[in-house]
Amino acid sequence: HASSNIEVELLNKILNGTLPPDFDKIPVFNPDRSVIDEETRQVNVDDSIIHYISEIIRATREHPVLTTGSSIRGGIALARSARIYALMTGRQYVIPDDIKVLAPCSLRHRIKPGPEAQISHITEDQVIKEILDTVPFPE
Numbered sequence: 005h006a007s008s009n010i011e012v013e014l015l016n017k018i019l020n021g022t023l024p025p026d027f028d029k030i031p032v033f034n035p036d037r038s039v040i041d042e043e044t045r046q047v048n049v050d051d052s053i054i055h056y057i058s059e060i061i062r063a064t065r066e067h068p069v070l071t072t073g074s075s076i077r078g079g080i081a082l083a084r085s086a087r088i089y090a091l092m093t094g095r096q097y098v099i100p101d102d103i104k105v106l107a108p109c110s111l112r113h114r115i116k117p118g119p120e121a122q123i124s125h126i127t128e129d130q131v132i133k134e135i136l137d138t139v140p141f142p143e
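In structure tokens, the structure reads:
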């Protein structure tokens, strides 16, 4: 909890109109979405990366502790997010490490551990890490 002095200061600022700030004076970032989408589409996703994503998705469907694995939509989300990640890091191509970084965020809500996993406190992230550790990158 905030100390009494901080609460008093906050209440005073709100009551005298200093807070919240005047949002009309804050510049709005309004990018042209079509330009961003086109830049993202230009990021290369090599066939080997596509196969790697496919193998990861398949591994979620075949993993023994999961009752539900990811659908192709998880793979699509992973590939799209990898393109954006590559672009944000200054590359025009996706690398396997991009997939490894983004797989937990893209897939954790798309898989469901079974009762044994839940009893053993095995999390979605642990399963995804295991899959990433065992699925080799295609040559």
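The opening position of the sequence shown corresponds to residue 5 in my numbering, with each subsequent residue numbered one higher.
Ideal Cβ positions, reconstructed from N, Cα and C, are used throughout, including at glycine.
As the structure is a prediction and not an experimental result, all values here were calculated from the model.
Taking just the CA atoms, how far does residue j sit from residue i?
i	j	result
ILE80	ILE53	12 Å
SER110	LEU70	16 Å
ILE135	ARG37	34 Å
PRO117	LYS104	20 Å
LYS133	PRO140	13 Å
ILE126	GLU143	31 Å
ARG84	ILE57	11 Å
ILE99	GLU11	49 Å
GLU128	ARG112	5 Å
THR64	ASP28	47 Å
LEU91	VAL32	23 Å
GLN130	GLU120	14 Å
ASP41	ASN20	43 Å
Take the Cβ of residue i as the centre, count every other Cβ of all protein chains shown within 10 Å, and call the residue buried at 16 or more, exposed below.
i	result
LEU15	exposed
GLY73	buried
ILE60	buried
ASP102	buried
ARG45	exposed
HIS67	buried
LEU82	buried
ARG77	exposed
Starting from residue i, follow its DSSP beta bridges and name the residues at the other end.
i	result
TYR97	ASN48
THR72	LYS116
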